[in-house]
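Heads up, the thing below is written out as structure tokens.
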Amino acid sequence: MATNNDKTPRNKKKRVKDDEGRMSLKEHLIEARNRLFKSLIALTLGTVAGFFIYDWLLELIIAPVQAAGGSVNFTAVMSPFDIMIKVALFVGILISSPVWLYQLWAFIVPGLKKNERRLSYSFVAISVPLFIGGVAMAYFVLPFALHFFISLAPENSENLININEYLPFIIRLLLAFGLAMLVPVLMVGLNMVGVLSAKVILKNWRITVFLIAVVAAMAAPGGDAITMFALAGPLFLTFAAATVFCYFNDKKRAKKQAAQDAENERLAKGDSSTIDAPSHIDEPNSQL
1018 MATNNDKTPR NKKKRVKDDE GRMSLKEHLI EARNRLFKSL IALTLGTVAG
1068 FFIYDWLLEL IIAPVQAAGG SVNFTAVMSP FDIMIKVALF VGILISSPVW
1118 LYQLWAFIVP GLKKNERRLS YSFVAISVPL FIGGVAMAYF VLPFALHFFI
1168 SLAPENSENL ININEYLPFI IRLLLAFGLA MLVPVLMVGL NMVGVLSAKV
1218 ILKNWRITVF LIAVVAAMAA PGGDAITMFA LAGPLFLTFA AATVFCYFND
1268 KKRAKKQAAQ DAENERLAKG DSSTIDAPSH IDEPNSQL
């Protein structure tokens, strides 16, 4: 006779994934909500920290304009407050990048095994420096683009740049460089967990090259060729390096799988010679 202790309340049942780690649509939506909530908390904390370095960072953003011979002005009463929020939010995106990058990766590749979780940490450890490095690279090429455009103004004119137009343009450019540098890392990560193969990458390389060119052209201010090539060049190199890595990783995986299939086929045929063969340990000692 079953007792009450043998029964599990329905409302206390845990969600159980199948053997392949698949979840229902409802569970995917719940996971997406939870990961988005964690990312928003990290973004909020980073944004709060951004208010403390607002003055220093704004001077850093305006410096390329001043170096190129221009100046930035505020054209509305609420502009300083609006700019402060935008700069703080930009800082929050940078500071919280380890959190939202991990949450994004964990959502793309759910049901990770123990060794794949280590890969997730490696993905974040590599992605964060690349993201920050992409932002820094954009800031490095920015003065060249600004100097080119400001130099087109007549000699007797003064370059007064509206901060409400300049800042969104700068933030969009910096983030575009940073996010673009994550694409090769994402390719390698998906290949490591068996989601994206080198064969698929090579089959669609024309589309990828076209998308890289489009992203570089969109990120370049006003179609500036210097900035476009500065972004497209590293992207092409990192894409090629990621493709080569995926190719050799697929070959290694295929070789390992072929050896495993051969071993399974041998065992299925009843060939257990390597298992049943007596070793020197099993032989009786004639001296006893």
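Residue numbers (the numbering used here): 1018 to 1305.
We treat Cβ as the ideally placed atom computed from N, Cα and C, and that holds for glycine.
From residue i to residue j, what distance separates their C-alpha atoms?
i	j	result
Phe1186	Ala1162	12 Å
Gln1362	Val1210	Examination of residue 1362 is not possible in this model, given that the chain is present from 1018 through 1305 alone.
Phe1124	Val1212	13 Å
Val1232	Phe1194	9 Å
Tyr1144	Pro1201	It should be noted that the sequence gives Ser, not Tyr, for residue 1144. Approximately 10 Å, taken between the alpha carbons.
Met1204	Ala1170	43 Å
Ala1197	Leu1254	12 Å
Ile1058	Ser1174	47 Å
Ile1112	Leu1199	16 Å
Ile1078	Asn1208	37 Å
Cys971	Lys1220	Because residue 971 is not part of the residues shown, which for the chain are 1018 to 1305, the question remains open.
Lys1055	Tyr1071	24 Å
Thr1064	Phe1098	14 Å
Lys1216	Lys1286	33 Å
Met1095	Thr1061	22 Å
Lys1103	Ala1049	26 Å
Ala1080	Lys1272	55 Å
Pro1047	Leu1106	Checking the sequence shown, residue 1047 turns out to be Ile, not Pro. Cα to Cα, the separation comes out at about 26 Å.
Ala1275	Arg1283	12 Å
Pro1160	Glu1044	48 Å
Ser1137	Gly1067	27 Å
Ala1230	Gly1250	10 Å
In the DSSP assignment, the beta strand (DSSP E) including residue i goes from what residue to what residue?
i	result
Ser1088	Ser1088 to Asn1090
Leu1177	Leu1177 to Asn1179
Assuming residue i is part of the alpha helix (DSSP H), what are its boundary residues?
i	result
Ser1168	Counting along the chain, Ser1168 falls outside any alpha helix (DSSP H), and DSSP gives it neither H nor E.
Val1065	Leu1042 to Phe1069
Phe1093	The question names Phe, but residue 1093 is Ala in the sequence shown. Counting along the chain, Ala1093 falls outside any alpha helix (DSSP H), and DSSP gives it neither H nor E.
Ser1114	Ser1114 to Ile1125
Quick one: is the Cβ of residue i within less than 7 Å of any heavy atom of the ligand ZN?
i	result
Glu1280	In terms of ligand content, the structure shown is empty, and the ligand ZN therefore cannot be addressed.
Inter-stretch contact (C-beta, 8 Å, three-pair minimum) for the region 1108–1120 and the region 1083–1095: no
Measuring CB atoms only, is the region 1134–1152 touching the region 1071–1088, in the sense that at least three cross pairs come out at less than 8 Å? Below 8 Å, too few C-beta pairs join the region 1134–1152 and the region 1071–1088 to call them touching: fewer than three.
Decide if the region 1218–1227 is in contact with the region 1174–1181; the criterion is three or more beta carbon pairs, one per stretch, under 8 Å apart. no
Runs of beta strand (DSSP E) lying entirely within the region 1143–1229, each at least 3 residues, in chain order: 1177–1179
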